[in-house]
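Going by the working numbering, the sequence shown opens with residue 125, and the numbers climb by one from there. Positions of the beta carbon are idealized from the N, C-alpha and C atoms, including for glycine.
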Amino acid sequence: MRFDVAILGCGAATPTLRYQPTSQILNIGEKWFLLDAGEGVQKSLRSHHVPFQKIERVFISHMHGDHVLGLPGLIGSMNLLGRKKPLGIHGPANLERWLMEGLRLTETHLNFEIQFSANNQDELTPAWAEGEIEVLSAPVNHRIEAYAYRFNWSPRLLNLKKSSLELLNLKRTEIIQLKKGHDVQRTDGSTLKASEHCHPLNPGLSYVFSGDTTPCSMLNALALDADLMYHEATFAEALSLRAKQTGHSTAKQAATTALDANVGALLIGHFSSRYRSLDGLLKEARETFDRVELAEEGKCYPLQTFQPN
Ligand SMILES: [Zn+2]
Ligand SMILES: [Zn+2]
């Protein structure tokens, strides 16, 4: 099962020659989800060879321009390219009004439906679920209404061992029972034990995206035991007061959240353009939590690589 996160943009505030504003694309079992849509998102998606129409849902953290200004253009392109299937969009309550008014004023007449879902402003709640994939949202602490998201992939069926499949001449009904974890009584009186013929249930994978936020208990709860968390780390510790005033985090604060939430690994991003070198941010984060990397724009992170052996 593929569960990949590609960083399309990891800069703060304004696009620079070095970084684009925030957006990420997730591929969970060939289902594509866009996380935030900063300016330049269409070009980045093309660089990653992601067909726009494959994106099933968009999850927006908040309404600041560096997280959302690429969305109207992307939707316009989806329309021009002939999209017919609905697009799910999750985010703050005022996202729908902003987007629909913009599309109306630009005379973008959509040939597909946009299905908006406003996140719960007060609690950590399921935002969407289908099959083995579940997305949770949690309100976080920024200057405006803002959310973090958690993507869980939780397999429900066991995988049959290849040797059993080849040797036992299994019927389809027997395969289904074994994959569900049930033992099978065969007509010859023998019993096939699911524990013997199947691999143990995969514990699944989980990814957390902080959006823009100061440290907050809601994010700690959302991120608990996640395999990987992307956390904004706009500033170094020397600017912790500025981080607080602007509703952002320092690299050390991101690392502290990762430690408290017991995540498997941490990616930091949303870098302020004031830092020519990001080594200082990484060093400050590593003093608190050692499994941390700087997010790299254009890089794809398969979640399996962060899973404990
Ligand atoms: Zn931002
Ligand atoms: Zn913001």
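Please report the Cβ distance between residue i and residue j, rounded to the nearest whole angstrom; I am assuming they are in contact, meaning their Cβ atoms lie under 8 Å.
i: T381; j: A347; result: 7 Å
i: S261; j: T249; result: 6 Å
i: I213; j: I184; result: 7 Å
i: V165; j: G194; result: 4 Å
i: E269; j: Q245; result: 6 Å
i: H471; j: A217; result: Here the chain has residues from 125 to 433 only, and residue 471 is not among them.
Answer with buried or exposed for residue i, where buried requires no fewer than 16 other C-beta atoms within 10 angstroms of its C-beta.
i: K376; result: buried
i: R274; result: buried
i: I199; result: buried
i: P210; result: exposed
i: H188; result: buried
i: L159; result: buried
i: N235; result: exposed
i: I300; result: exposed
i: E356; result: buried
i: T311; result: exposed
i: L219; result: buried
i: H321; result: buried
i: G422; result: exposed
Between the C-alpha atoms of residue i and residue j, what's the straight-line distance to the nearest angstrom?
i: R221; j: R296; result: 50 Å
i: E284; j: K303; result: Checking the displayed sequence, the identity of residue 284 turns out to be Leu instead of Glu. Cα-Cα distance, rounded: 7 Å.
i: F395; j: A137; result: 9 Å
i: T429; j: D351; result: 9 Å
i: V192; j: L282; result: 39 Å
i: S373; j: S201; result: 34 Å
i: E254; j: R400; result: 42 Å
i: P263; j: I179; result: 24 Å
i: K368; j: R398; result: 17 Å
i: L383; j: M353; result: 11 Å
i: H186; j: N203; result: 24 Å
i: E247; j: S278; result: 22 Å
i: G305; j: A318; result: 5 Å
i: I238; j: G153; result: 23 Å
i: Y431; j: G388; result: For the sequence presented, residue 431 should be read as Gln rather than Tyr. Computed Cα separation, rounded: 7 Å.
i: M342; j: E231; result: 40 Å
i: L205; j: F176; result: 9 Å
i: V416; j: L405; result: 11 Å
i: V308; j: S288; result: 13 Å
i: G393; j: K208; result: 34 Å
Tell me whether the beta-carbon of residue i lies closer than 8 Å to the beta-carbon of residue j.
i: F333; j: A379; result: no
i: F413; j: L390; result: yes
i: L229; j: P196; result: no
i: L132; j: L169; result: yes
i: T140; j: G162; result: no
i: G335; j: R267; result: no
i: R181; j: F157; result: yes
i: N243; j: S330; result: no
i: Q148; j: G135; result: no
i: E290; j: L316; result: no
i: P339; j: D128; result: no
i: T358; j: N265; result: no
Worksheet item: Is there contact here, the segment 343 to 361 with the segment 288 to 295, by at least three beta-carbon pairs under 8 Å?
Response: no
Worksheet item: Counting pairs of Cβ atoms below 8 Å between the segment 319 to 330 and the segment 362 to 375, do you hit three or more?
Response: no
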